[in-house]
Structures are given as structure tokens and as C-alpha cells.
Amino acid sequence: MRKQFIWLLSLFVALLFVVTACSDDSEDTLSNEEGSDSDDGEEESGEVFTYNFFDASGPGEDINTSETTIGKMFEEETGVNFDIEHIVGDVNQKIGTMIASGEYPELLNAEQSTDAVIDAGGFVALNDLIEEHAPNIKKMYGPYLEYMKRDDGNIYIIPSGASHGYVKPANLEQGAWWIKRDVLKELGYPQPKTLDEYFGIIEEYVAENPQIDGANTIGFTALTHDWRFFALSNQPNHLAGFPNDGGIMIDMETLEADAYPDNPETERWLKKLNDINDKGLFDQESFTQNFDEYLAKITSGRVVGFFDYRWQVGQALDTLSEDEDPYNDYMGFPIVFDEEITDQYLDPVGFAASPGLGITTAASEEDQIRIIKFLDHIAKEESQKLITWGKEGETYEIDDDGRYYRTEEQIDTTSNTEFRDSFGFSYFEWGWPRMNGLYEDGNAVEPPKQPEVASLMYDDGDKEFLEAYEIETFTELFAEPEERPWYPAWDTPIETGSPAQLYEQQLDDLMKRKFPEIIFASPSEFESQWNDFKSSFETLPYEEYENVITESVKRKVEIHEQAQ
Amino acid sequence: MASESNSVSSTLNKEKQEKAMKVFFRKCKEQQALLWMTVPFVIWVFVFKYLPVWGWTMAFQDYKPAISFSEQEWVGFKHFLFLFTDERFLGVLRNTLAQSLINLVLGFITAITLAVLINELSNMKFKRTVQTISYLPHFLSWVVAAALVSSVLSIDGIVNDILMGLGLIDKEILWLGVGEYFWGILGASEVWKNVGWNAIIYLAAISMIDQEQYEAAKIDGASRIQRIIHITIPGMKSVIVVLLIMNIGYILEAGFEPQYLLGNGQNVEYSENIDVFVIKYGISMFNFSLATAAGMFKTVISIVFLFAANSLSKKLGQGGLY
Numbered sequence: 001m002r003k004q005f006i007w008l009l010s011l012f013v014a015l016l017f018v019v020t021a022c023s024d025d026s027e028d029t030l031s032n033e034e035g036s037d038s039d040d041g042e043e044e045s046g047e048v049f050t051y052n053f054f055d056a057s058g059p060g061e062d063i064n065t066s067e068t069t070i071g072k073m074f075e076e077e078t079g080v081n082f083d084i085e086h087i088v089g090d091v092n093q094k095i096g097t098m099i100a101s102g103e104y105p106e107l108l109n110a111e112q113s114t115d116a117v118i119d120a121g122g123f124v125a126l127n128d129l130i131e132e133h134a135p136n137i138k139k140m141y142g143p144y145l146e147y148m149k150r151d152d153g154n155i156y157i158i159p160s161g162a163s164h165g166y167v168k169p170a171n172l173e174q175g176a177w178w179i180k181r182d183v184l185k186e187l188g189y190p191q192p193k194t195l196d197e198y199f200g201i202i203e204e205y206v207a208e209n210p211q212i213d214g215a216n217t218i219g220f221t222a223l224t225h226d227w228r229f230f231a232l233s234n235q236p237n238h239l240a241g242f243p244n245d246g247g248i249m250i251d252m253e254t255l256e257a258d259a260y261p262d263n264p265e266t267e268r269w270l271k272k273l274n275d276i277n278d279k280g281l282f283d284q285e286s287f288t289q290n291f292d293e294y295l296a297k298i299t300s301g302r303v304v305g306f307f308d309y310r311w312q313v314g315q316a317l318d319t320l321s322e323d324e325d326p327y328n329d330y331m332g333f334p335i336v337f338d339e340e341i342t343d344q345y346l347d348p349v350g351f352a353a354s355p356g357l358g359i360t361t362a363a364s365e366e367d368q369i370r371i372i373k374f375l376d377h378i379a380k381e382e383s384q385k386l387i388t389w390g391k392e393g394e395t396y397e398i399d400d401d402g403r404y405y406r407t408e409e410q411i412d413t414t415s416n417t418e419f420r421d422s423f424g425f426s427y428f429e430w431g432w433p434r435m436n437g438l439y440e441d442g443n444a445v446e447p448p449k450q451p452e453v454a455s456l457m458y459d460d461g462d463k464e465f466l467e468a469y470e471i472e473t474f475t476e477l478f479a480e481p482e483e484r485p486w487y488p489a490w491d492t493p494i495e496t497g498s499p500a501q502l503y504e505q506q507l508d509d510l511m512k513r514k515f516p517e518i519i520f521a522s523p524s525e526f527e528s529q530w531n532d533f534k535s536s537f538e539t540l541p542y543e544e545y546e547n548v549i550t551e552s553v554k555r556k557v558e559i560h561e562q563a564q
Numbered sequence: 001m002a003s004e005s006n007s008v009s010s011t012l013n014k015e016k017q018e019k020a021m022k023v024f025f026r027k028c029k030e031q032q033a034l035l036w037m038t039v040p041f042v043i044w045v046f047v048f049k050y051l052p053v054w055g056w057t058m059a060f061q062d063y064k065p066a067i068s069f070s071e072q073e074w075v076g077f078k079h080f081l082f083l084f085t086d087e088r089f090l091g092v093l094r095n096t097l098a099q100s101l102i103n104l105v106l107g108f109i110t111a112i113t114l115a116v117l118i119n120e121l122s123n124m125k126f127k128r129t130v131q132t133i134s135y136l137p138h139f140l141s142w143v144v145a146a147a148l149v150s151s152v153l154s155i156d157g158i159v160n161d162i163l164m165g166l167g168l169i170d171k172e173i174l175w176l177g178v179g180e181y182f183w184g185i186l187g188a189s190e191v192w193k194n195v196g197w198n199a200i201i202y203l204a205a206i207s208m209i210d211q212e213q214y215e216a217a218k219i220d221g222a223s224r225i226q227r228i229i230h231i232t233i234p235g236m237k238s239v240i241v242v243l244l245i246m247n248i249g250y251i252l253e254a255g256f257e258p259q260y261l262l263g264n265g266q267n268v269e270y271s272e273n274i275d276v277f278v279i280k281y282g283i284s285m286f287n288f289s290l291a292t293a294a295g296m297f298k299t300v301i302s303i304v305f306l307f308a309a310n311s312l313s314k315k316l317g318q319g320g321l322y
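Quick mapping for you: the protein sequence lines, in order, are chains A and B.
With full-length UniProt numbering applied, the first sequence corresponds to residues 1 to 564, in that order.
With full-length UniProt numbering applied, the second sequence corresponds to residues 1 to 322, in that order.
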């Protein structure tokens with residue numbers, strides 16, 4: 001009896017917790033809203049307004065911007081701060097729920113679901129707000145404002161990265177074919193240029209080293225999990241000398257988009273994978289591992305080579321570069337099908353008009369003005385320098401010629417995650433109004449692209465390889481990007497419920513199902529498997545998708561030509 | 001004469017009705033407290049189970065969130081047509097039914113067996129331990145459980161190690177990469193996760209059985225096995241039937257998380273069920289109408305199965321749910 005009583009009591013207490021937790025929360029948000037509502041009439045005399053910002057671009061720590069050094073400075077100048085909430089789990093589902101309920105945070109970055117929020121009328125048009133309250137945004141985005149307009153002539157979101165001049169990055173940020181440094185060293189620093197040479201190196205190394213640290217050597221692994229499948233399906237594009245335009249190749253002359261999954265380039269790429277699978281070099285778990293397992297595998301040092309984008313595997317490669325051993329790091333190469341093809345792995349000067357920040361219908365008119373003023377404040381050049389370089393004398397120095405640089409100590413400090421969080425680099429560096437390239441005074445916007453900083457960032461291990469390949473920076477192996485004013489084509493809005501949207505999902509399903517079959521088939525069956533895939537592909541509405549992209553590419557080129 | 005008797009019987013009927021009404025109201029008054037206690041639950045059922053049915057209208061529209069009901073575009077059976085004409089839908093339906101049946105059969109057999117075995121244990125401490133260990137996995141989230149399953153089944157996982165060690169296979173098998181194995185893997189993981197939990201209700205049923213029956217059987221010289229077959233199992237029969245009927249109502253609810261988490265391109269032809277399909281082509285593409293249509297389809301099938309199972313069990317003399 002007594003025992004039962006205790007049980008009931010604890011159940012009751014637990015319930016109580018749940019109830020109070022819920023009510024606490026709702027009170028919080030309520031008082032918040034009331035606060036900002038009732039304050040509307042008053043003068044902005046040191047009043048601080050807190051708004052919600054949901055950031056679907058990636059996971060991270062939820063924080064109020066005023067808790068960071070940069071955020072505090074912005075708050076003092078504009079009277080606005082944001083509660084940042086980051087995405088956990090699937091973006092489409094989270095944004096889908098917001099759309100279904102119609103409840104948005106005041107400021108929203110909806111990542112790949114941006115089009116759906118616009119279709120559902122979740123974002124307010126920014127044209128007038130920018131015109132009236134945001135001279136700095138207008139100046140910074142200049143010609144790009146036209147790209148930001150949707151079919152209805154309205155601007156709904158402000159993306160990051162308005163390019164002002166081109167600076168070749170010193171370190172890879174985009175796609176590359178990675179090989180473990182240990183392998184390069186052992187084989188006498190070979191420099192692969194074609195796909196055959198690349199896999200030749202892997203084959204040679206695996207033959208001599210069937211095991212690494214007691215575990216079986218994995219020749220080539222691939223990332224295919226969930227929405228990251230493009231890390232295996234984008235290669236035909238890159239190998240044929242195109243940048244990452246997504247699932248289409250864009251003809252430089254005619255500007256026609258061509259969905260390439262059924263092209264000979266794709267066949268050639270799959271044939272190669274089929275071939276290395278036959279030789280036992282292809283990771284059998286490529287299609288069953290998830291993203292975490294993939295990263296763990298790369299970090300373990302068992303993998304000889306893989307293709308991926310630096311920003312996607314950053315976590316794994318950073319871990320490897322931070323440890324003592326310089327030889328378990330990876331070095332990236334620009335691989336193409338044949339030597340006469342010019343590689344296009346580095347991003348051209350481009351402007352991704354989506355995703356970006358949008359003000360939602362949850363913000364009243366007064367709130368909208370305050371938020372756009374806050375964003376405009378960030379677009380000032382001094383604020384831009386603050387979010388990229390930091391404070392002079394603290395995180396960077398200026399020499400007599402007006403060149404910005406960082407001391408070795410400052411480089412260490414500014415690459416420390418804890419410092420970056422507390423200073424606010426982690427939260428403000430990207431995602432807000434931001435320019436790219438060069439400031440008017442000739443300094444690079446991003447410190448790592450400033451030669452003075454880049455040269456100091458290499459350690460002894462890096463230098464060994466730079467010297468062996470007779471290069472100054474790791475991107476020197478890569479060709480300069482050609483001009484592609486439409487780049488990137490993947491920011492083209494795809495209408496919800498359109499055949500083009502259906503094509504994307506159906507293609508994804510088809511490739512996920514058929515690619516493993518094609519790659520794992522015995523070489524004699526490759527032909528029939530490939531033809532099978534090709535005929536299935538031809539039933540998809542790929543022409544509709546191509547038309548949507550072509551139209552968008554041509555529109556962008558037109559805007560570009562008018563601006564010239 | 002005839003009219004007279006008619007009117008007499010009608011007045012009689014009326015009186016009878018009035019009397020019945022009186023009795024009804026008297027009963028109501030008597031049981032006032034009880035009736036009031038049910039009110040919150042009736043409201044709950046209405047709000048959460050009946051009001052949402054209004055949302056089914058979405059299945060016949062090209063539903064767009066931000067606009068009002070009157071502005072929605074009506075499209076008739078378009079979404080149902082898409083669902084039933086998609087060449088993959090048949091496969092998806094097959095997977096749903098197969099996964100569900102496997103879960104149902106395996107779930108019942110293992111849970112009943114475990115309950116009977118636990119009941120036969122005489123060492124209380126051991127019994128408790130076994131029971132606790134067997135139902136612990138139930139409390140793991142599928143996200144964690146799926147990570148465990150996939151690491152156990154990976155190329156250098158323990159399953160391959162053991163099979164290789166015993167010499168049963170001569171090359172590691174990529175278990176999750178072979179579609180044909182998926183149903184089995186799913187069934188086994190479901191059993192591992194839920195067998196202990198499912199056994200609890202059967203243990204409760206067994207404890208209701210009169211101990212004198214066992215004593216009498218013992219005196220008559222029944223062996224342990226005979227006692228299980230002739231006393232324990234018949235004693236649990238009514239619970240088994242009720243649970244079976246209820247579970248058959250959920251026949252299209254084969255689960256979502258394990259299929260979604262363990263599924264990949266190589267086993268998709270066996271792992272994708274209705275719920276996963278709906279996530280891909282409904283929710284993720286913001287096509288709420290298609291998701292609703294699929295939900296309606298599931299409900300209708302479930303109701304059909306439920307009625308069928310109920311009448312079948314009545315015919316078999318087991319009594320139904322209602």
C-alpha cells in the first residue's frame with residue numbers, strides 16, 4: 001500500500017513537472033510578444049527588442065545574439081537582438097510544420113524549403129523596406145538585387161555572399177578528390193590528373209597495404225546518406241569539367257540545361273566504380289552507412305580516397321589536421337576524365353539567391369522596420385569587417401600599407417571554437433547580409449583568403465607537401481573558374497507540386513535504388529543494368545526540370561548583361 | 001376489433017416507452033457522479049478523434065497552407081489516383097503488409113512463449129532479472145536501437161564475426177545491403193526490442209488463472225508440459241484474442257522509424273512502406289493532400305480488417321471486442 005502511494009506520488013510530481021514546464025514556456029513567449037507589442041508606441045530610448053530567429057542552415061548551439069561580443073555591439077547600436085534556434089533533424093519536416101501551422105519566427109532561414117515558405121505566403125516582401133530603410137543593403141547587393149527578385153517582382157529573402165571581386169581561396173572549400181597524405185608520401189608524391197590515374201594510385205597502395213592499423217584498408221568510400229546522395233551523383237559533372245551546378249550541365253554557348261544522369265559521362269563514372277568494385281577497392285558499406293559513420297570512417301584513417309566537398313567533411317578533416325600526425329590528413333586533387341579537360345572545382349564568382357534570411361508574417365510592421373534596420377547595420381562595411389576580421393588590435397592588425405594581417409597568436413585564437421562562439425564569429429560570419437571577395441581598400445573579406453594570413457596558417461606538415469608539389473597554396477593545383485553569371489544553377493526556385501519537383505524526388509529514389517545495383521553488378525552485367533536505369537530515367541519528367549533551369553539560367557544571364 | 005387492439009397495443013407501447021424513459025432518467029440521476037466523470041473523456045475523444053476527420057477534405061483538394069478553406073482548389077480523386085497508379089505503390093503496400101504480418105506473428109509467438117517460460121521459473125530473483133532485462137530495450141528510442149542494429153550487422157560487426165568464426169559463411173555479408181533480408185532483420189529487431197514489454201500483459205493474464213487448477217492437474221499426474229498446454233494457454237485465450245483483434249486493426253501500421261532509419265538504397269524495395277512513402281512524396285514535398293489521402297486509405301483498410309477479425313473471432317466462438 002505504502003509503495004503504491006509513493007508510486008502515485010512520484011507520478012503526480014512528474015506530471016506536475018510536465019505541466020509547469022509547458023506553461024512556463026508559453027508564458028515566456030507570451031510575455032515576449034506582449035512586450036514587443038506594447039513597446040511599439042514608445043520611443044526607442046535604449047529599449048531592447050528580442051526577436052526569434054530560426055536557422056535551418058545547420059545544427060548549432062541555441063543562443064541569444066547579445067551573449068556574444070559582436071551581438072552585444074549590434075544590440076547597443078540598433079536595440080535589437082535575436083534568440084537563435086538551430087535546426088535539429090529534417091529541414092523539410094520542421095519547415096513543413098511551420099507552414100502547416102502558420103506560426104513562424106520573426107526571422108527565418110528556411111534553407112532548401114525557402115520556396116515552400118514563399119509559396120505559402122510566409123515571408124513578407126522586402127522591396128519597400130529595403131528601399132526606405134536599408135541604404136547599405138542596397139549598396140552592398142547592388143546588381144544582385146535583380147537576381148533576388150522572384151517571378152512576382154518581389155524580394156523575399158536576403159542571401160549571404162554578394163561578390164565584390166574574385167579572390168582565389170588558399171584552401172579548398174569545395175569539391176575535390178581526396179587522397180591520404182601517407183599514401184602520397186609512400187608513393188613518392190604522385191600528382192593524379194585523370195580518373196584512371198587517381199584510381200591507379202589507390203590500387204597500387206591497397207595492393208601493398210591490405211591493412212592499416214590492423215583493419216582492412218578501404219580503397220574508396222562514398223557518401224550516399226539521405227539528402228547527401230549528390231556526393232556520389234555529382235561527379236560526372238565535375239569530371240567533365242563543370243562546377244557544382246547540381247543535377248544538370250549547362251552548355252556555355254546555348255545556356256541549355258541538360259539533366260545528365262542518362263549521359264555517357266554518368267555511364268563512364270559508374271563503369272569506373274563498377275570496375276573498382278570488381279577489384280575490391282570500393283567500400284561495400286557505401287550505400288548503407290549514414291553520415292556519422294562515414295565521417296568516423298574517414299577519421300579512422302582506413303580510407304585511401306574519397307570524393308567530397310570540403311564543407312561537408314570539414315568536421316572529419318579538421319579533426320585529422322588538429323592531431324599530431326600530419327600524414328593522416330587528406331590532400332585534394334582536381335580530377336577530370338581526360339587530361340585536355342579543364343577542371344572547374346573552384347566556385348566561380350556567383351550569387352546564390354537562395355537560401356537566405358527572410359522576415360516572416362509573424363513580425364508586425366514596426367518589427368519589420370527594426371529587423372531590416374538591424375540587417376542594414378550588418379551590411380555597413382565596418383560591421384562587415386567586424387564579422388569577418390573582428391576587432392583591430394585584438395583579432396587582427398593593420399600594417400603601414402593598410403594591409404590587414406593576423407599574428408600567429410591571433411590565428412590560433414580565432415580558430416579556437418570556444419573563442420569563435422563567445423566572440424560571435426560562429427553566429428555572424430555567414431548567413432547574415434555578407435559580401436564576398438575584396439573590400440574597397442583591397443583587403444580580402446575573409447581572413448583565410450588574405451595571402452598574409454594564409455601563408456601563416458600552414459604548419460610543417462602542410463609545408464612538406466606544398467614543397468613536394470612545388471606549390472604555394474593547396475588550391476594552386478586547381479584551375480581558375482570560368483565566368484558563369486548564372487552560377488549556381490541549383491538556387492533556381494522549384495514550384496511546390498510541379499512536375500519539376502516531382503522529378504527531383506523520383507530521380508533521387510531511382511538513383512538510390514539503381515546505382516548500387518549498377519556498381520555492385522558483375523562487370524559482364526554492367527551493360528544491361530545501365531540500360532535498365534536509362535530506360536527508367538527516360539520515363540521521368542526530366543524535360544520539365546530542364547526547362548525550369550534553362551529559363552532561370554537565361555534570366556540570370558540577361559540581368560547580368562544589363563548590369564554590365 | 002383490429003383497430004381497437006392496435007390502439008391498445010400502441011398505448012401499451014407508449015406506456016412501456018415512458019416507463020423506460022423514466023427508468024433511464026432515474027438511472028442517470030443515480031449515477032450522476034459517474035456520468036460527469038466521463039464528460040472530459042467524451043470531449044477528449046470528440047476533439048482529438050472526430051474533429052480531425054474534417055481534415056480529410058484536404059485529400060480532395062490541392063491543399064495550400066496559408067489560404068482559407070473556401071479558396072482551396074478541389075481536385076476530386078487526383079491524389080488517390082496518383083497513389084494507386086504509381087508503379088511503386090503496389091510494392092510499398094506489399095512491404096507494409098508483409099512487415100506487419102511478420103511483426104504480428106513473431107510478436108505474438110515470442111511474447112506468449114516468453115510469458116509462459118517466465119511463469120514457469122520458480123527462482124524469484126532470476127525471474128525478476130530476466131523480466132527486467134527482456135523489457136529494457138523497449139525504452140530505447142528507435143534512433144538508438146537502429147544505430148545498434150546497423151553496427152551489429154555491419155561488415156566488421158559482431159554477427160559477421162561470429163558467423164565467420166563458426167565457419168558458417170566464408171565471406172562477410174552486408175546484411176542491410178541485401179533487400180531480401182530486410183523483413184527478417186526488421187522482425188528480429190522488433191522482437192528484441194518489444195518481446196519483454198509485450199509479455200507483461202500475458203504474465204498478468206497468467207496470474208489470473210486459479211492456482212487450484214494447477215494443483216488439481218498435478219494430483220491427476222499432469223506433467224509440466226501438459227499443464228502449460230491444458231491450463232496456462234487456455235487461461236490466456238481471451239486476452240490473446242482481444243489483443244489479436246486490436247492488432248489486426250493496426251495491420252497497416254507497420255511502423256515508421258525502423259524502416260526509415262534502417263532503410264537505404266540497396267534494400268529500399270523491401271524496406272519502403274506506406275509511412276516512408278508518405279514522408280517522401282507527401283510531407284517532404286509539402287504535398288499534405290497526398291499524405292492525407294494515404295492516411296485515409298490506411299484508415300479504411302484498418303476498419304475493414306478490424307470488422308473482419310472481430311466477426312471471425314465471434315464465429316470461432318471466442319466472443320469479439322464488441
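Each residue gets a CB set at the ideal place from its N, CA and C atoms; glycine is no exception.
Given the structure is predicted, the values throughout are model-derived calculations rather than measurements.
Neighbours of P516/A in chain B, taken as residues at a C-beta separation under 9 Å, are given in chain order as G177, N264, G265 and Q266.
Rounded to whole angstroms, the Cβ separation of L261/B and L176/B is 11 Å, and the two are not in contact under 8 Å. For R224/B, same chain residues with a beta-carbon under 8 Å away, outside a window of 5 residues either side, are E120 in chain order. In the three-state reduction of the DSSP assignment, E366/A falls in the helix class. Scanning its chain for C-beta atoms nearer than 7 Å, with the 5 sequence neighbours on each side dropped, one finds around N154/A the residues A125 and N127, in chain order. Contact check between the stretch 270 to 284 of chain A and the stretch 166 to 182 of chain A: fewer than three CB pairs, one atom from each, fall below 8 Å, which does not count as touching. Here G153/A carries a coil assignment [DSSP, helix/strand/coil]. Of all alpha-carbon atoms in T550/A, I518/A and E504/A, the one lying nearest the alpha-carbon of P541/A is that of E504/A. For G219/A, the uninterrupted beta strand (DSSP E) segment begins and ends at I218 to T221. For A116/A, the CB contacts under 7 Å within the same chain, skipping 5 residues up- and downstream, are I95, I99 and T496 in chain order. When 8 Å is used as the limit between beta carbons, E73/B is near no residue of chain A, the shortest such separation being about 11 Å.
Under DSSP, G305/A takes part in a beta bridge, and its partners are I179/A and F220/A.
Annotated three-state conformation of Y330/A is strand, per DSSP. Partner residues in the beta bridge of W74/B, as assigned by DSSP, are Q61/B.
For the C-beta of T496/A, the chain B residues within less than 9 Å are, from N- to C-terminus, K64, M285, F286 and N287. For A120/A, the residues of chain B that pass the 9 Å Cβ criterion are K64, P65, A66, I67 and F286, in the order they occur in the chain.
Note that the C-beta distance between K298/B and L252/B is below 8 Å. If you compare the alpha carbons of S536/A, D90/A, S498/A and A500/A with that of R513/A, the shortest gap goes to S536/A. Rounded to whole angstroms, the Cβ separation of W430/A and G305/A is 29 Å, and the two are not in contact under 8 Å. Interface annotation, G102/A: in contact with chain B, CB-CB separation under 8 Å.
Taken in chain order, the complete alpha helix (DSSP H) segments of 4 or more residues contained in the stretch 201 to 287 of chain B are 211 to 219, 224 to 227, 233 to 249, 257 to 262, 268 to 271 and 274 to 278.
None of the residues of the stretch 92 to 121 of chain B has a beta carbon lying less than 7 Å from any beta carbon of chain A.
At a beta-carbon threshold of 7 Å, none of the residues of chain A lie near I158/B; the nearest stands roughly 15 Å away.
Under the 8 Å criterion on CB atoms, L174/B is classed as interfacial with respect to chain A.
Within chain A, Q284 and E285 have C-beta atoms less than 8 Å from the C-beta of I155/B, given in sequence order. Put simply, the CB of E257/B is far from chain A, with every gap to its CB atoms at 8 Å or more. Cβ atoms of P65/B and G102/A come within 8 Å of each other, at about 7 Å.
Using a CB distance cut-off of 8 Å, E180/B does not count as an interface residue toward chain A. Straight-line spacing of the CA atoms in L477/A and F333/A works out to 7 Å. No Cβ of chain A is located within less than 8 Å of the beta carbon of Y270/B. In the structure shown, I169/B adopts coil according to DSSP, grouped into three states. Interface residue (Cβ-Cβ distance to chain A less than 8 Å): Y281/B is classified as such.
Counting C-beta pairs with one atom in each stretch, the stretch 468 to 488 of chain A and the stretch 226 to 239 of chain A have fewer than three that are closer than 8 Å, which means they do not touch. Under the Cβ distance rule, T414/A does not count among the residues neighbouring chain B, no pair being separated by less than 8 Å. DSSP places L357/A in the uninterrupted beta strand (DSSP E) bounded by L357 to I359.
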